[in-house]
Amino acid sequence: MGPIFTIIILVLGVLAIVALWRFVSGGSGREATGSGDRSLEVLRERFARGEIDEEEFEARKRALNR
Numbered sequence: 001m002g003p004i005f006t007i008i009i010l011v012l013g014v015l016a017i018v019a020l021w022r023f024v025s026g027g028s029g030r031e032a033t034g035s036g037d038r039s040l041e042v043l044r045e046r047f048a049r050g051e052i053d054e055e056e057f058e059a060r061k062r063a064l065n066r
C-alpha cells in the first residue's frame, strides 16, 4: 500500500495515544492555567452549594485576587 499509508497509520496511532492520555488524565488543558483559576472555581462551587455566604465568598475572592 505504500509509504503514505504507513505514515497515515502512524499519525492516527499517535493521535489515538494523545487522546487516550488526555482522557485518562482528565485533561482538558485547564491544568496549565494555574491553581488560581481552580481555586476560584472551587470557591464559586462552594458558594453555589450554600457552604459559604456571600460575605465570606467576597472576602475569599478578594484574597485570591491579591
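Note that full-length UniProt numbering numbers the sequence shown so that position 49 is 49, with each residue one more than the last. All residues carry an ideal CB built from backbone N, CA and C; glycine is no exception.
Backbone secondary structure at residue 51 - three-state DSSP = Here DSSP, grouped into helix, strand and coil, assigns residue 51 to coil.
Next item on the list: Indicate the three-state DSSP secondary structure (helix, strand or coil) for residue 39 in the structure shown.
Entry: In the structure shown, residue 39 adopts helical secondary structure according to DSSP, grouped into three states.
With H, G and I counted as helix, E and B as strand and the rest as coil, what does DSSP make of residue 2?
Residue 2: coil per DSSP, three-state reduction.
Exercise. Quick one: what does DSSP say residue 13 is sitting in, helix, strand or coil?
Worked result: Of the three classes helix, strand and coil, the one that applies to residue 13 here is helix, per DSSP.
Going by beta carbon distance, what residues of the same chain come within less than 8 angstroms of residue 61, once the five residues before and after it are set aside?
Within the same chain, residue 61 has close Cβ partners 40 and 43.
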